[in-house]
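Here the structure is laid out as structure tokens; the discussion comes afterwards.
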Amino acid sequence: MSLAASQTPKSVPYNWKNVQMVGAGFVDGIVFHPTAKDVRYARTDMGGAYRWDAGRRRWAPILDWVPFNDLNFMGVESIAVDPANPRNVYLACGTYTNSGTPNGAILRSRDGGRTFSTTRVPFKFGGNENGRGNGERMTVDPNDPRRLLLGTRHDGLWRSDDGAVTWHRLESFTPLGGPRGAGVVVTLFDPNSGSRGKGSRTAYVAVSNATGPNLFVTTDDGATWAPVPNAPTGLYPTHMVRGGDGALWLTYGSNPGPQGMTDGAVWKYKGGAWSDVTPEKGRFGYGAVSVQMGRPDTVIVSTFFHPPHEQIFRTTDGGKSWRPTIGGKETFDYSKAPYISRTGIHWLFDIEINPRNPDHAIFTTGYGGHETFNLTDADRGKPVIWHAMATGIEESVGLELLSPTQGVPLVTAIGDYGGFVHRDLDKPAPEGNFTNPHFGNTTGVAAGDLAPLTIVRVGSASGGNRGNIGYSIDGGKSWNPTKSAPTGAREGHIAVSADGKTWVWSLRNGAFRTSDRGDTWAPVALPAGLRVIADHVDSSRFYALDLFGGKLFTSSDGGATFVEKSFTLAGGLPRRGGDRMDARAGQDQLYATPGRTGDLWIAAFDGLHHSVDGGTTFMRMGHIRELHAFGFGKAAPHSKLPAMYVVGSVDGRRGIFRSDDGAASWARINDDDHQWGLVLQIAGDPKRYGRVYVGTHGRGVFYGDPR
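Going by my numbering, the sequence shown opens with residue 24, and the numbers climb by one from there.
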């Protein structure tokens with residue numbers, strides 16, 4: 024049965040703000056403008072790019088406008104600034120180079136990243152692939168800002184002569200790098216080889232190759248290229264910069280990163296001669312290098328996989344001697360991002376000295392990064408204080424979102440950094456992320472609607488933490504691991520009965536239930552791979568869906584046994600594949616309506632279906648033709664139906680939508696400035712009408728309220 028309707032959805036204005044975690048993802052590059060104060064940009068591997076907002080002292084996102092159809096833009100491979108005009112900035116965008124991903128694009132802005140024009144290019148970028156911390160691959164000629172060089176992973180070297188509007192391949196450049204490399208990783212003009220308006224004739228290009236030449240030079244404006252004589256080989260170049268005295272500084276590692284490195288070096292090339300200036304040898308690599316403006320002998324370099332912790336070395340004599348600037352945790356201030364106090368520095372893949380302030384330096388990490396404002400104190404033997412620097416950057420991947428019926432506004436389950444209990448959405452959780460146990464990925468979180476203080480989460484424990492499941496009986500104030508777990512249980516999803524007493528853990532190899540907070544577990548007779556959900560009213564009821572097989576499984580005895588029944592959908596059962604994108608999204612799932620027993624919704628990728636008889640029959644709802652995420656929230660005033668939220672396409676219009684009348688009509692609640700590429704999860708707040716939480720694919724978690 025189908026309920027058909029068509030009309031253009033209205034729009035309801037919303038205010039959108041990030042739920043504050045601070046960072047929670049890999050910031051793989053920082054680019055300062057060489058002369059303009061406070062002009063700098065940050066790029067991320069799958070969360071877009073940011074510019075520094077000096078007035079607000081925080082980073083501001085510049086790619087939130089990216090629509091679903093261009094979600095590939097959210098992986099930023101390189102950023103270039105125009106030395107002659109700080110308002111000009113260029114972004115090389117593209118997340119993956121596999122066959123299923125579209126070609127990339129160059130985004131160019133003439134107003135400091137506030138608006139962009141797009142040039143789609145006939146090749147791909149790998150903003151979330153190996154070597155993504157190398158760079159910069161794109162650069163502007165300081166003698167002619169119309170000219171840019173761009174290195175690619177698999178398609179050689181390209182040049183633009185019209186300010187990045189059009190591009191042509193330099194067929195004279197043939198090296199592509201080794202099989203484990205990342206293509207052309209650095210491009211760099213020599214400003215002394217040209218004059219203003221006539222361009223630079225000399226440029227250097229570093230290629231990710233450890234089995235042959237990996238540094239090349241042209242002295243005839245790109246007509247010919249040759250290996251730089253006597254350049255080091257055997258390691259992969261990771262970064263290259265030029266000092267004011269013309270010296271080139273290069274860092275190397277045993278692979279392009281961010282995999283662990285077992286060897287590395289730092290080399291200096293000046294006056295045609297090479298010098299090995301490696302600060303310390305060992306089974307680790309070097310990730311990045313920066314030269315102080317106006318003092319070419321003052322340089323900092325960063326290690327990669329240095330035991331027992333990463334190190335930043337500083338020289339003031341051109342590499343003859345070095346001193347460390349990281350002395351231990353007492354030199355770190357975690358107050359702006361408390362969770363990183365228990366997250367070791369990792370993926371330290373860019374480091375930059377502010378060209379306008381030699382005391383200010385930034386380095387990036389897998390969770391954001393740090394900055395110091397007293398770098399030169401290292402020269403006097405004083406400790407350098409490093410502060411969390413990622414305020415404004417939110418890069419988490421929202422895997423599940425829980426807004427309990429009572430208590431805290433939100434509990435997030437995210438990738439890599441576990442998740443948080445958010446008592447104040449506008450401040451990072453002071454206690455940090457989940458502990459006892461501490462997770463890397465949290466893949467499921469649930470609470471009982473009638474017992475909202477009982478919260479259970481599942482995922483993958485990090486480090487030496489015990490168990491892949493934790494629970495709270497005080498609304499997330501404290502956590503405990505269960506006494507036992509099913510053999511090999513890891514990640515999956517968790518369902519909690521309405522009264523909080525029964526939990527069902529859905530895993531790839533089957534489902535298991537406990538009624539004693541995890542002291543004991545019993546297998547559930549269900550096909551492997553199905554996800555179990557709980558009824559929000561009847562504590563004895565659980566459900567599981569085999570969407571593509573047309574089977575619904577229902578339990579009325581607390582998940583001990585399930586009864587199978589077949590169902591059909593208007594238009595037929597959906598097929599796997601298509602444009603579903605990320606399997607972790609909220610599509611193709613079964614949802615139970617809050618406050619109603621046996622009231623079920625199938626949120627399929629290609630449509631929304633409703634059952635009021637426990638799944639015996641389903642009615643296809645109108646309007647929705649594509650769905651990525653689905654959730655419920657508090658009912659509108661004077662309504663008995665919970666608010667419903669959908670991410671997808673409604674009546675041909677993409678966006679985020681709310682319905683207050685049981686899916687009979689929908690209103691778009693986001694706008695074209697707030698799209699974030701791909702959204703994985705959505706959940707309304709059962710305590711506050713209109714509030715909704717959105718989990719993106721790398722731009723953090725947002726909350727929205729009606730204006």
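Every residue gets a Cβ at the ideal spot worked out from N, C-alpha and C, and that includes glycine. Since this is a predicted model, take the numbers as computed values, not measurements.
7 Å CB neighbourhood of residue i in its chain, flanking five on each side removed
| i | result |
| --- | --- |
| GLY421 | THR435, ILE437, LEU703, GLN704, GLY718, THR719, VAL724 |
| VAL519 | ALA469, ALA470, GLY471, THR477, VAL479, TRP526, ALA557 |
| ALA567 | LEU549, LEU553, ARG554, VAL555, PHE576, PHE585 |
| VAL635 | ASP622 |
| TYR357 | ILE363, SER364, ALA411 |
| SER218 | ASN166 |
| ARG540 | TYR494, THR505 |
| THR141 | ALA128, LEU130 |
| ASP134 | ARG110 |
| PRO281 | GLY156, TRP370, PHE372 |
| ASP696 | ASP87, TRP88 |
| ASP51 | ARG66, THR67, ASP68, ARG155, GLY156, PHE372, ASP373, THR387 |
Close Cβ partners of residue i (< 8 Å) along its chain, the five nearest in sequence each way excluded
| i | result |
| --- | --- |
| ALA583 | ARG536, ALA545, VAL547 |
| VAL322 | GLY266, TRP272, VAL312, SER313, VAL314, GLN315, ARG337, THR338, GLY341, GLY342 |
| THR616 | HIS559, ASP622, LEU623, TRP624, PHE655, PRO665 |
| VAL289 | TRP272, LEU273, THR274, TYR275, ASP299, VAL300, THR301, PRO302, TYR309, VAL312, VAL324, GLY342 |
| ASN491 | PRO460, PHE462, VAL481, GLY482, SER483, ALA484, ALA508, ALA512, ARG513, GLU514 |
| PRO106 | HIS56, PRO57, THR58, VAL163, PRO165, PRO168 |
Nearest-angstrom beta carbon gap, residue j and residue i [assumed within contact, 8 Å]
| i | j | result |
| --- | --- | --- |
| VAL300 | GLY257 | Contact doesn't hold; Cβ gap of about 17 Å is too wide. |
| LYS147 | ASN126 | 5 Å |
| GLY71 | VAL89 | 7 Å |
| PRO361 | GLY455 | 5 Å |
| ALA413 | LEU473 | So it is not a contact: roughly 39 Å between Cβ atoms. |
| PRO57 | SER426 | That pair is no contact at about 46 Å. |
| ILE692 | TYR259 | At roughly 47 Å, the Cβ-Cβ gap does not stay under 8 Å, so ILE692 and TYR259 are not in contact. |
| PHE571 | ARG599 | 6 Å |
| VAL208 | GLY158 | 6 Å |
Assigned exposure category for residue i - 16 Cβ within 10 Å defines buried
| i | result |
| --- | --- |
| GLU194 | exposed |
| HIS350 | Here residue 350 is Gly; the residue named in the question, His, does not match the sequence. Exposed, because fewer than 16 other Cβ atoms sit within 10 Å of the Cβ of GLY350. |
| ALA28 | Because the pLDDT of ALA28 is 48, which lies under 50, any placement of that residue in the model is unreliable, and the question is left without a value. |
| PRO32 | buried |
| VAL715 | buried |
| GLN429 | exposed |
| ARG722 | buried |
| ALA686 | buried |
| ASP569 | buried |
| LYS657 | buried |
| GLY467 | buried |
| PHE641 | buried |
| HIS661 | exposed |
| PHE239 | buried |
| HIS632 | buried |
| VAL188 | exposed |
| HIS445 | buried |
| ALA384 | buried |
| ALA706 | buried |
| PRO84 | buried |
Residues of its chain near residue i, where Cβ-Cβ distance is below 6 Å and the 5 sequence neighbours each way are ignored
| i | result |
| --- | --- |
| LYS588 | LEU575 |
| LEU371 | GLY310, SER325, GLU333, PHE386, THR388 |
| THR366 | TYR390 |
| ALA534 | VAL527, VAL547, LEU549, VAL555 |
| ASP268 | PRO319 |
| PHE457 | GLY441, GLY442 |
| GLN612 | ALA626 |
| LEU26 | With a pLDDT of 45 at LEU26, under the threshold of 50, the modelled position of that residue is not reliable, and no figure is offered here. |
| PRO255 | TRP290 |
| ILE102 | VAL54, TYR64, ARG66, LEU114 |
CB contact below 8 Å: residue i versus chain C
| i | result |
| --- | --- |
| GLY220 | Of the chains in the structure shown, none is chain C; there is only one protein chain. |
| Touching or not, the segment 104 to 124 and the segment 57 to 66, by the rule of three or more beta carbon pairs under 8 Å? | Touching, yes.
- Check whether the segment 211 to 219 touches the segment 176 to 196, counting contact only when three or more Cβ pairs, one atom from each stretch, lie closer than 8 Å. Output reads no: the segment 176 to 196 does not touch the segment 211 to 219.
- Could I get the ranges of all uninterrupted beta strand (DSSP E) runs contained in the segment 228 to 261, with 3 residues as the minimum, in chain order? You should have 238 to 241.
I'd like the ranges of any beta strand (DSSP E) spanning at least 3 consecutive residues and lying wholly in the segment 281 to 342.
Listed in chain order, the complete beta strand (DSSP E) runs (minimum 3 residues) inside the segment 281 to 342 are 287 to 293, 296 to 299, 308 to 314, 322 to 327, 335 to 338.
_Restricting to runs no shorter than 3 residues, where is the beta strand (DSSP E) found entirely within the segment 143 to 206?_
Correct list: 161 to 163, 171 to 174, 180 to 183.
Touching by the beta-carbon criterion (3+ pairs, under 8 Å), the segment 662 to 677 and the segment 393 to 402 | Taking one beta carbon from each stretch, the segment 662 to 677 and the segment 393 to 402 have fewer than 3 pairs nearer than 8 Å; the two do not touch.
In chain order, each beta strand (DSSP E) run of at least 3 residues that lies wholly inside the segment 375 to 436: The qualifying runs are 384 to 388, 391 to 395, 409 to 411, 421 to 425.
Discussion item. Which complete beta strand (DSSP E) runs does the segment 462 to 526 hold, if anything under 3 residues is left out?
Written reply: Taken in chain order, the complete beta strand (DSSP E) segments of 3 or more residues contained in the segment 462 to 526 are 462 to 470, 478 to 484, 492 to 495, 516 to 519.
Can you list the beta strand (DSSP E) stretches of 3 or more residues lying completely in the segment 683 to 717, in chain order? Qualifying beta strand (DSSP E) stretches, in chain order: 702 to 707.
Pick out the complete beta strand (DSSP E) segments inside the segment 546 to 577, 3 residues or longer, and give them in chain order. If we require 3 residues or more, the beta strand (DSSP E) runs fully inside the segment 546 to 577 come out as 555 to 557, 565 to 569.
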